[in-house]
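S.K.:
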Ligand code: PDD
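Residue numbers (my numbering): 57 to 340.
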């Protein structure tokens, strides 16, 4: 972390930002977050990210510290103070600082912390070769639609994938694919694109929604439909989507090639559509 961060009303150098140890984010993981990309200094799909943030705050009963316009002003100022360009903006709201007691404290002010990191474009080599994934049992709780900072299960699952030499863990609950440890999952079979429908078992990814929207706009057959793990194993293509990785082709699943083991034609088309959409935003 470097540059200027936002903490509770102040913009200050990252190494000067301090949060008290009794912050419930530190003690309980009691908070929610967002990761919002900015391209050429412009926040990408900001309304959608702020809507999801409001949903997460409401679900965790943390009072929303700002309205949409206030969030927008703070985020835009922070991106500017960090030099604009391509950034990944991390925003976290915790319930605040209080003596350690599980029940909610009575009078407490949410802690708001925001930082920017340079957004590294995914290497061309990664797009040429694709990445490797493994399937794992989804060991998380039953509110995965909340973007909670409490990420221990996601971290442990991702590390299992890393230990296996892979990029991502694709999670399976009751025989159905939910999502990746930090991404959503798409598959292609016979030209048809499929992604699991939204539910409490997965995060409603902003990238996921945009991919669905753009695919349909461009006449591609894209369905929100359950993916049994056995169906995933027979996919011609598998993709992972997230704000920081955009659309990543998975070319190896559980040690076996996906399709012919190379990024597929539907991915290439979708990736080009996505890049065009981003480019239009950059130039707007
Ligand atoms: N994570 N599912 C999970 C569990 C995630 O953590 C993420 C993103 C996504 C994709 O959502 P979006 O398209 O809105 O980025 C799906 C972020 C990038 C992170 O934790 O760093």
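Glycine included, every Cβ here is placed at the ideal spot set by N, Cα and C.
Here the structure is a predicted model, which means the values were calculated and not measured.
Is residue 144 near residue 300, with beta carbons less than 8 Å apart?
M.R.: Residue numbering aside, residue 144 sits at position 88 when the chain shown is read from its first letter. Residue numbering aside, residue 300 sits at position 244 when the chain shown is read from its first letter. Cβ distance < 8 Å, so residue 144 and residue 300 count as in contact.
S.K.: With DSSP as the reference, identify every bridge partner of residue 87, one or two as the case may be.
M.R.: The residue given as residue 87 occupies position 31 in the chain shown. In the DSSP output, where bridge partners are listed per residue, residue 87 has 150.
S.K.: Within its chain, find whatever has a CB closer than 8 Å to the CB of residue 258; leave out the 5 residues flanking it on each side and keep chain order.
M.R.: Translated into positions along the chain shown, residue 258 becomes position 202. Excluding residues within five positions, the ones whose Cβ falls inside 8 Å are 200, 201, 234, 235, 240, 252.
S.K.: For residue 255, which option in 172, 281, 277 has the closest C-alpha, if you only look at C-alpha atoms?
M.R.: Taking the chain shown and counting its residues from 1, the one referred to as residue 255 is at position 199. Residue 255 has its Cα closest to that of 281, out of 172, 281, 277.
S.K.: What's the call for residue 304, buried or exposed, on a 16-neighbour Cβ count within 10 Å?
M.R.: Taking the first residue of the chain shown as 1, we reach residue 304 at position 248. Residue 304 comes out buried.
S.K.: For a test of the three-state rule: what should DSSP assign to residue 334, helix, strand or coil?
M.R.: For this step, residue 334 is matched to residue 278 along the chain shown. Three-state result, residue 334: helix.
S.K.: Residue 297 bridges to which residues according to DSSP?
M.R.: Numbered from 1 along the chain shown, position 241 holds the residue referred to as residue 297. Paired residue(s): 240, 303.
S.K.: Tell me where the beta strand (DSSP E) around residue 225 begins and ends.
M.R.: Counted from its first residue, the chain shown places residue 225 at position 169. Element bounds for residue 225: 224-229.
S.K.: Could you confirm whether any beta carbon from chain B is found closer than 8 Å to the beta carbon of residue 294?
M.R.: Here chain B cannot be found, since the structure has a single protein chain.
S.K.: Under a three-way DSSP split, which group does residue 250 fall into?
M.R.: Sequence index remark: in the chain shown, residue 250 carries index 194 (1-based). DSSP places residue 250 in strand when its eight states are reduced to three.
S.K.: In the structure shown, what three-state DSSP assignment does residue 280 receive?
M.R.: Counting from 1 along the chain shown, the entry for residue 280 is found at position 224. Strand.
S.K.: Quick check: is any heavy atom of the ligand PDD less than 7 Å from the C-beta of residue 259?
M.R.: Walking along the chain shown from the start, residue 259 turns up at place 203. Yes, Cβ of residue 259 sits closer than 7 Å to a heavy atom of the ligand PDD.
S.K.: So residue 279 and residue 250 are supposed to be a Cβ contact under 8 Å. How far apart are they, rounded?
M.R.: In the chain shown, the residue the question calls residue 279 occupies position 223. In the chain shown, the residue the question calls residue 250 occupies position 194. The pair is a contact, with the Cβ atoms about 5 Å apart (cut-off 8 Å).
S.K.: Could you compute how far the alpha carbon of residue 124 sits from the alpha carbon of residue 320?
M.R.: Indexing the chain shown from 1 puts residue 124 at position 68. Indexing the chain shown from 1 puts residue 320 at position 264. Cα-Cα distance, rounded: 39 Å.
S.K.: Residue 91: beta carbon under 7 Å from a heavy atom of the ligand PDD?
M.R.: Your numbering for residue 91 matches position 35 in the chain shown. Yes, the Cβ of residue 91 comes within 7 Å of a heavy atom of the ligand PDD.
S.K.: Rounded to the nearest angstrom, what separates residue 219 and residue 126 at their Cα positions?
M.R.: Here residue 219 is taken as the residue at index 163 of the chain shown, counted from 1. Here residue 126 is taken as the residue at index 70 of the chain shown, counted from 1. Each residue's Cα considered, the two are about 42 Å apart.
S.K.: Alpha carbon to alpha carbon, how far is residue 180 from residue 331?
M.R.: The count along the chain shown starts at 1 and reaches residue 180 at position 124. The count along the chain shown starts at 1 and reaches residue 331 at position 275. Residue 180 and residue 331: Cα-Cα distance of roughly 13 Å.
S.K.: From which residue to which residue does the beta strand (DSSP E) around residue 211 run?
M.R.: As a position in the chain shown, residue 211 is number 155, starting the count at 1. Element bounds for residue 211: not the beta strand (DSSP E) but the alpha helix (DSSP H), 208-219.
S.K.: Ignore the nearest five residues each way along the sequence and tell me which others in residue 225's own chain have a CB closer than 8 Å to its CB.
M.R.: The count along the chain shown starts at 1 and reaches residue 225 at position 169. For residue 225, where only same-chain residues beyond five positions count, the Cβ hits under 8 Å are 189, 190, 191, 192, 213, 214, 216, 217, 236, 237.
S.K.: Exposed or buried, residue 71, counting other C-beta atoms within 10 Å across all chains shown (16 or more means buried)?
M.R.: Locating residue 71 in the chain shown gives position 15, counting from the first residue. Residue 71 should be labelled exposed.
S.K.: Nearest to residue 324 by CA position, among 186, 91, 205, is which residue?
M.R.: The residue you call residue 324 lines up with position 268 of the chain shown. Comparing Cα-Cα distances from residue 324 to each of 186, 91, 205, the minimum goes to 186.
S.K.: Taking its Cβ as the centre, do 16 or more other Cβ atoms sit within 10 Å of residue 147, making it buried, or is it exposed?
M.R.: For this step, residue 147 is matched to residue 91 along the chain shown. Residue 147 is buried by the Cβ-count criterion.
S.K.: Run the proximity test for residue 238: is its beta-carbon closer than 7 Å to any non-hydrogen atom belonging to the ligand PDD?
M.R.: Position 182 of the chain shown, counted from the first residue, corresponds to residue 238. Yes, the Cβ of residue 238 comes within 7 Å of a heavy atom of the ligand PDD.
S.K.: Hey, is the segment 164-173 in contact with the segment 289-296, meaning 3+ C-beta pairs nearer than 8 Å?
M.R.: No: fewer than three Cβ pairs fall under 8 Å.
S.K.: If the criterion is Cβ atoms closer than 8 Å, does the pair residue 121 and residue 161 meet it?
M.R.: Against the chain shown, residue 121 aligns to sequence position 65. Against the chain shown, residue 161 aligns to sequence position 105. No, the Cβ-Cβ distance between residue 121 and residue 161 is not below 8 Å.
S.K.: Count the other CB atoms within 10 Å of the CB of residue 211; is the residue buried (16 or more) or exposed (fewer)?
M.R.: Counting from 1 along the chain shown, the entry for residue 211 is found at position 155. Residue 211 comes out exposed.
S.K.: Measure the beta-carbon distance from residue 156 to residue 78 and round it to whole angstroms, keeping in mind my assumption that it falls under 8 Å.
M.R.: Locating residue 156 in the chain shown gives position 100, counting from the first residue. Locating residue 78 in the chain shown gives position 22, counting from the first residue. Right, the Cβ-Cβ distance comes to about 7 Å (below 8 Å), so this counts as a contact.
S.K.: Where DSSP assigns a beta bridge to residue 203, which residues make up the other side?
M.R.: The residue given as residue 203 occupies position 147 in the chain shown. Paired residue(s): none; residue 203 is not in a bridge.
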